[in-house]
Ligand code: SF4
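In the numbering used here, the protein residues as written are 31 to 347.
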C-alpha cells in the first residue's frame, strides 16, 4: 500500500509503524491504503508486473512465501508476524476505482502480498468489490489463491472475464502440512479447480513453489501433473521456489530443523537475490513441460491479454 511513502509520525513513539497507523479490530490491523496498485517484486516469477492486494500478510503461513519482506516495512517481522498479524485495507475498493480511472489497461495480479481469499476475507468481503471494479474497468486480471472461498465469487469472476490461478505445487500431504500449514490440502485444491472450471471460470494451476530436493523428484512432479490434468484446468504454470530477503531466513530456519542435510545445498543453489540457479530452474520447468505434454495439458504463463486502448474513442480515428 505504498508503505515506502508513508510519512512517519511521532519519532518518540517506538511502537511498530503499523500499530501507529492502524486500528486493531477483531485481530486484524485496519488501515487506509494510499495506493492499491503496487509493483510486483522481480523475484515473484509471475507474469504480471503490477498487483492489487486487499490484505498484507497471510494466515496460510507458507514457509516459502515471497511476500514476507513487506511486513518489515511495517515494523513487523517477516516470519511469525507475517502469518498472524494481517493488515486489511478497508478502503481497497474505492481506492482501486480511483486508480483504475487512470490505469492504462496493463494486466494485474490480485492477491500477491497475502492471499485475497484468506480467513480475513470472510469478515471484510472486499473481493466482490475488487472484482467488479476490475471488470468494469475492463482490465485483464488474474486472482492468485489457495483458498476454496474463491468459489463464493465464481459468478462474479466469470462475468468479469477473470483468470484464477490456484497454487498446487505438490500432492504430498506431509510436505503440505510442513510448509503450507494454514492452507487447505492438495485434494481440496484439486476439487476447487474442478468446481471453478465447472462454474465457467478460466482456471489455471500455478505449480508453485516447486521445492528443490523436497518436491522435485520425477515421481512427485509426475503425480502432481497427472492429478492436475484430471481437473480440467486450462494450463500449468511452474515456478521454482524463490528465496528473496525475508523469505530466505524463515525458510532456511525451518529447513535447518527439518532437513539439516539440505541447507548447504540450498546455499549453493540460490543467488543473493534469492533466485535458483538458471540450470536447475530450466531442468525442472522442462520436466514439467514434458509431463504436461504427456498428460495433454498446456504449460507456461498465460498468453498476454490484448491491451485495450486507454481512450477507446481515439482508436477509431
Ligand atoms: S497463500 Fe500465497 S500469499 Fe499466502 S502465505 Fe501462501 S504463498 Fe504467501
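Note that the Cβ used here is the ideal one computed from N, Cα and C, for glycine as well.
On a CA-only basis, which of the options is nearest residue i? Give me that one, please.
| i | options | result |
| --- | --- | --- |
| residue 214 | 188, 107, 225, 175 | 175 |
| residue 46 | 111, 92, 302, 321 | 111 |
| residue 163 | 130, 43, 261 | 130 |
| residue 312 | 299, 324, 203 | 299 |
| residue 80 | 142, 210, 248, 185 | 142 |
| residue 263 | 288, 235, 91 | 235 |
| residue 265 | 233, 132, 145, 75 | 233 |
| residue 210 | 193, 241, 231 | 241 |
| residue 94 | 155, 69, 302, 276 | 276 |
| residue 254 | 282, 324, 286 | 324 |
To the nearest whole angstrom, what separates the beta carbons of residue i and residue j, a pair I think is in contact under 8 Å?
| i | j | result |
| --- | --- | --- |
| residue 82 | residue 140 | 5 Å |
| residue 216 | residue 198 | 6 Å |
| residue 306 | residue 270 | 5 Å |
| residue 243 | residue 207 | The pair is not a contact, with the Cβ atoms about 18 Å apart (cut-off 8 Å). |
| residue 71 | residue 96 | 7 Å |
From residue i to residue j, what distance separates their C-alpha atoms?
| i | j | result |
| --- | --- | --- |
| residue 348 | residue 189 | Summary: the structure shown does not reach residue 348, with the chain confined to residues 31 through 347, and so no result is reported for it. |
| residue 238 | residue 259 | 16 Å |
| residue 332 | residue 195 | 10 Å |
| residue 86 | residue 161 | 18 Å |
| residue 321 | residue 120 | 43 Å |
| residue 329 | residue 246 | 17 Å |
| residue 221 | residue 268 | 19 Å |
| residue 177 | residue 157 | 13 Å |
| residue 165 | residue 56 | 31 Å |
DSSP has residue i in a bridge; who is on the other side?
| i | result |
| --- | --- |
| residue 58 | 55 |
| residue 300 | 306 |
| residue 234 | 195 |
| residue 175 | 196 |
| residue 245 | Beta-bridge pairing links residue 245 to no other residue. |
| residue 266 | 235, 329 |
| residue 49 | Residue 49 pairs with nothing; no bridge assigned. |
| residue 86 | 117 |
Comparing the CB of residue i with every heavy atom of the ligand SAH, is any distance shorter than 7 Å?
| i | result |
| --- | --- |
| residue 144 | Among the ligands in the structure shown, the ligand SAH does not appear; only the ligand SF4 can be found there. |
Touch check for the region 119-134 and the region 55-67: three-plus C-beta pairs under 8 Å? The region 119-134 is in contact with the region 55-67.
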